[in-house]
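Here the structure comes first, spelled out in structure tokens, and everything after it is commentary.
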Amino acid sequence: MIRILLVDDQALIRGGLRALLSAEDDIEVVAEAANGSEGVARATEHVPDVALVDVQMPVLDGIEATRRIVADPRLAAVRVVILTNYGLDEYVFTALRAGASGFLLKDTEPAELLTAVRVAARGDALLSPAITRRLIAEFVSRPADALPAEGLGVLTNREREVVTLVAYGLSNDEIAARMVISPATAKTHVSRAMTKLGARDRAQLVVFAYQSGLVAV
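The UniProt record's numbering puts the sequence shown at residues 1 to 217.
Right under this line is the structure:
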């Protein structure tokens, strides 16, 4: 079962998400929270696989909640996916810097949200496909937001290829098929690239690919 935490100050939104997610045989909503502070507490208590976190909330906003969840070693396996009303919301950039694995628009189609939850749970979280390029283009244009890394020189040619494919949104299975290698080998290449570049997850790997010029906007 994929265990989900819902963090949103609007009860109606939480109720809709719970109804959608709970209808799936492989997904369980283990907790809800009405603000970021409660969200951090519920995350610590339940250690979900994925936390769907709203950006603008009272008491503690989604950005700080994300930062606290990501910083807690006990919650290292929790993937935070930000929910936002705006495709290029300034909060989204800050959330990615805080360690969010990606984000989704609140008007995302139900089927896409379910897919995103499953993708995030297996560690392949990326950004909302509809606006990935626009977001990255804006994100990488800001020097202060650069991902700390030693640069492309630390990667092998194989790892560069893998990072490029990750940036184009391919899953480990798709990368394996494209490169004619096993999914396990593809996963190993991705993990090594993240370690060398200091990227916490695939979302940051995507950012690096664009920042470094490995992939053109």
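For every residue, glycine included, the Cβ atom is placed at its ideal position computed from N, Cα and C.
All values derive from a computational prediction rather than experimental measurement.
When DSSP states are grouped into helix, strand and coil, leucine 205 belongs to the helix group.
Setting aside the 5 residues that flank it on each side, leucine 52 is surrounded in the same chain by Leu6, Val81, Leu83, each with a C-beta closer than 6 Å to its C-beta; the list follows chain order. About 7 Å separates the beta carbon of leucine 20 from that of leucine 113, a gap short enough to meet the 8 Å contact definition.
Of all C-beta pairs linking the segment 162-178 to the segment 201-215, three or more are shorter than 8 Å, placing the two stretches in contact.
Of the other Cβ atoms in all chains shown, fewer than 16 fall within 10 Å of the Cβ of serine 191; this residue is therefore exposed.
By the neighbour-count criterion, in which a residue is buried when 16 or more other Cβ atoms sit within 10 angstroms of its Cβ, valine 55 is buried. Residue pairing by DSSP places alanine 76 in no beta bridge whatsoever.
Taking a C-beta distance under 8 Å as the contact criterion, valine 163 and alanine 193 qualify as a contact pair.
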